[in-house]
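Q:
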Amino acid sequence: MSLALDIVLSPKQERSIAESTARLNIWEGAIRSGKTIASLIRWVTFVANAPRGGSLVIVGKTADTIARNTFEPLMDPAITGPIAKRISYTRGAPTATILGRRVEIISSNDSRAENRLRGMTAVGAYVDEATLIERPFWDMLLSRLSVKGAKLFASTNPDAPSHWLKKDFLDRAHELDLKSWHFRLDDNHSLDPAYVKALKSEYSGLWYKRFIEGRWVMAEGAIYDMFDEDKHVVRELPLMEKWLSVGVDYGTANPFAALLVGVSVPDLDGQRRIYVASELRYDSRAERRQLTDSEYSARLTNWLDRIPGTYGPGTHGVRPDWLVVDPSAASFIQQLYRDHYRPMQADNAVLDGIRTVSNVISADHLRVHESCRGLLDEMAGYAWDERKAEKGDDAPVKVDDHSCDALRYAIHTTQAAWLRLLEPVPTL
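Sequential numbering from 799 applies to the sequence shown in this note's numbering.
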């Protein structure tokens, strides 16, 4: 089947679509590099002529990522042309219809996902974000592709070089019925050069190597290696347009850390920034006394009441839009409700949170007041766990990270609230 497309494909995309005839076909590499579009176009052409006698299946980490990464582009006429009208899917539904064929939708995050695979005979599978799929689920999926001519198509960003997908499949392509294509950001010629330049400036360290260069590299060294105290630490705070959030990492035996975060008014260049304005820390070991939930809540209130200059000279006290709390601190969250706060549980996706903070620093959108010594001391030593990295897991060393966690909660959880604000304001 041939598709009449409105988009212009790069030579690498065209080759990957034409040559993806193996049992396993994997597109891997940088973000926005064109790999997903190429893999989806190939998937649609496969569905049109797929063998009968078994199921077609689309797999992803969650129902939301499947909808966003797979069906939004598939149902976009600018990408799939008139074929878009022949694709039917409702977000969260267990099945979809593509070119008249029923397609099973399975999120691997669902505890029942592997059970849906058991007993299935599959003729074709598409896997979104393959590195996020657990190995037993992947192996089960491959065992279901038993019909003659059955094929798997997958796209993924890189991970650690010891990740099972790299080590046991991509590196063994010559031993398997497997073809793969490596994409870099610069392989996508349809992107605006200004956007590519901006994207490159927003990533650094591990994220730049993986998401821009498309390299399978180990997490090692400092996590916030782009943070420079000479550049990112300030002695004075500007006026705040919005007191955004307080991020709280709760501790009893470990330190309690809270950070107040605001978004400044535009500077002379029309740029707003995120400011970590103040810090509250309590270390029960150093103080030799643990505090109760009510005592922590009272200290939080007194601290916010003392923040100066919020409503003009001589005034004190702030109440940010969001009070974002460590989701494991259930009893403290209940205490905050009793004390007339409206806390929200933090998004505790560690890697996503670290990446959000890293991007904000790399884009020069973050400043930290010099009084936040707990955070500044931790950021200097916040590092990747080398032992876990060698096993294929990206994780920070869990030592002296309480203010770093509070920063992650305060910024990553509220991303939707500040993202548009950081767009430069046009100046005359």
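C-beta atoms are modelled at their ideal positions from N, C-alpha and C, and glycine is treated no differently.
Return helix, strand or coil for Trp1216, following the three-state DSSP convention.
A: Three-state DSSP puts Trp1216 in a helix.
Q: Whole angstroms are fine: how far does the CA of Ile1152 sit from the CA of Tyr1001?
A: Rounded to the nearest angstrom, the two C-alpha atoms are 12 Å apart.
Q: Is Lys964 near the ligand SAM, going by C-beta to nearest heavy atom under 8 Å?
A: With respect to the ligand SAM, the structure offers nothing, as it holds no ligand at all.
Q: Given Val1155, which residues of its chain have a CB within under 8 Å of its CB, disregarding the five upstream and five downstream residues?
A: Excluding residues within five positions, the ones whose Cβ falls inside 8 Å are Tyr1022, Leu1164, Leu1205, Arg1206, Ile1209 and His1210.
Q: CA-CA distance, His961 and Trp1216?
A: The straight-line gap from Cα to Cα measures roughly 34 Å.
Q: Would you check if the segment 965-975 and the segment 1125-1135 touch, i.e. whether three or more CB-CB distances between them fall below 8 Å?
A: As far as the Cβ criterion goes, the segment 1125-1135 does not touch the segment 965-975, which means the pair count is below three.
Q: In this structure, does DSSP put His972 in helix, strand or coil?
A: Of the three classes helix, strand and coil, the one that applies to His972 here is coil, per DSSP.
Q: Please classify Leu1164: does DSSP put it in a helix, a strand, or coil?
A: Leu1164: strand per DSSP, three-state reduction.
Q: On the criterion of 16 or more Cβ atoms from any shown chain inside 10 Å, does Lys859 qualify as buried, or is it exposed?
A: It counts as buried.
Q: Tell me the DSSP secondary structure of Ile1072 in three-state form.
A: Three-state DSSP puts Ile1072 in a strand.
Q: Let me know the secondary structure DSSP gives Lys998 once reduced to three states.
A: Three-state DSSP puts Lys998 in a helix.
Q: When you compare only the Cα positions, how much space is there between Pro959 and Pro1064?
A: Answer to the nearest angstrom: the Cα atoms are 42 Å apart.
Q: Report the start-end ranges of each alpha helix (DSSP H) in the segment 899-985 that is 4 residues or longer and not cut off at the edges.
A: Counting only runs of 4 or more, we get 911-915, 933-942 and 962-966.
Q: Which of the three DSSP states, helix, strand or coil, is assigned to Tyr1080?
A: In the structure shown, Tyr1080 sits in a strand (DSSP, three-state: E or B).
Q: Which residue from Trp1005, Leu950, Glu912 and Val1122 puts its Cα closest to that of Leu1058?
A: Checked all of Trp1005, Leu950, Glu912 and Val1122; the closest Cα to Leu1058 is Val1122.
Q: Confirm, please, whether the CB-CB distance from Ser837 to Phe951 is below 9 Å.
A: Contact flag set, yes.
Q: Using DSSP's beta-bridge definition, name the partner residues of Phe1054.
A: Paired residue(s): Tyr1080.
Q: Can you grab the Cα-Cα spacing for the pair Ile877 / Ala1193, in whole Å?
A: The straight-line gap from Cα to Cα measures roughly 36 Å.
Q: Taking the continuous alpha helix (DSSP H) assigned at Asp1023, which residues delimit it?
A: Premise fails: Asp1023 is in no alpha helix (DSSP H) and is neither H nor E.
Q: Under 7 Å Cβ to Cβ from Glu1018, same chain only, skipping five residues before and after it: list those, please.
A: Around Glu1018: Trp1182, Glu1184 and Ala1187.
Q: Kindly indicate which residue of Glu902, Val921, Asn1052 and Ala1096 has the alpha-carbon position closest to the one of Asn847.
A: The option with the nearest alpha carbon to Asn847 is Val921.
Q: Return the CA-CA distance between Ile824 and Glu1039, expressed in angstroms with no decimal places.
A: Cα to Cα, Ile824 sits roughly 46 Å from Glu1039.
Q: Is the CB-CB distance between Val857 and Ser906 below 9 Å?
A: Against a cut-off of 9 Å, the Cβ pair of Ser906 and Val857 comes out as a contact.
Q: Go through its chain and collect everything with a Cβ distance to Asp1199's Cβ below 7 Å, but skip five positions before and after it.
A: Answer for Asp1199: Glu1176 and Tyr1180, listed in chain order.
Q: What residues in its chain sit with their C-beta under 7 Å from that of Leu1149, if we drop five residues either side in the sequence?
A: Asp1192.
Q: Do Val1015 and Pro1106 have their C-beta atoms closer together than 9 Å?
A: In this structure, Pro1106 does not lie closer than 9 Å to Val1015 by Cβ.
Q: Identify the continuous beta strand (DSSP E) that holds Pro1141 and give its terminal residues.
A: First-last of the beta strand (DSSP E) with Pro1141: Pro1141 to Gln1143.
Q: Could you work out which residue in Ser953, Gly1190 and Val855 is closest to Ala911 when comparing CA atoms only?
A: Ranking Ser953, Gly1190 and Val855 by Cα distance to Ala911 puts Val855 first.
Q: Which residues does DSSP pair with Asn823 in a beta bridge?
A: DSSP lists Phe951 and Lys977 as partners of Asn823.
Q: In terms of DSSP beta bridges, what is Pro1194 paired with?
A: Paired residues: Trp1182.
Q: How many Å lie between Gly1003 and Asp1026 at the Cα?
A: Each residue's alpha carbon lies about 14 Å from the other.
Q: Just the Cα atoms here: how many angstroms apart are Asp990 and Ile1010?
A: Computed Cα separation, rounded: 15 Å.
Q: If you check the beta carbons only, do Val1166 and Val1032 fall under 9 Å apart?
A: The answer is yes: Cβ separation under 9 Å.
Q: Express the C-alpha separation of Glu902 and Leu915 in angstroms, rounding to a whole number.
A: Going by the C-alpha atoms only, they are around 10 Å apart.
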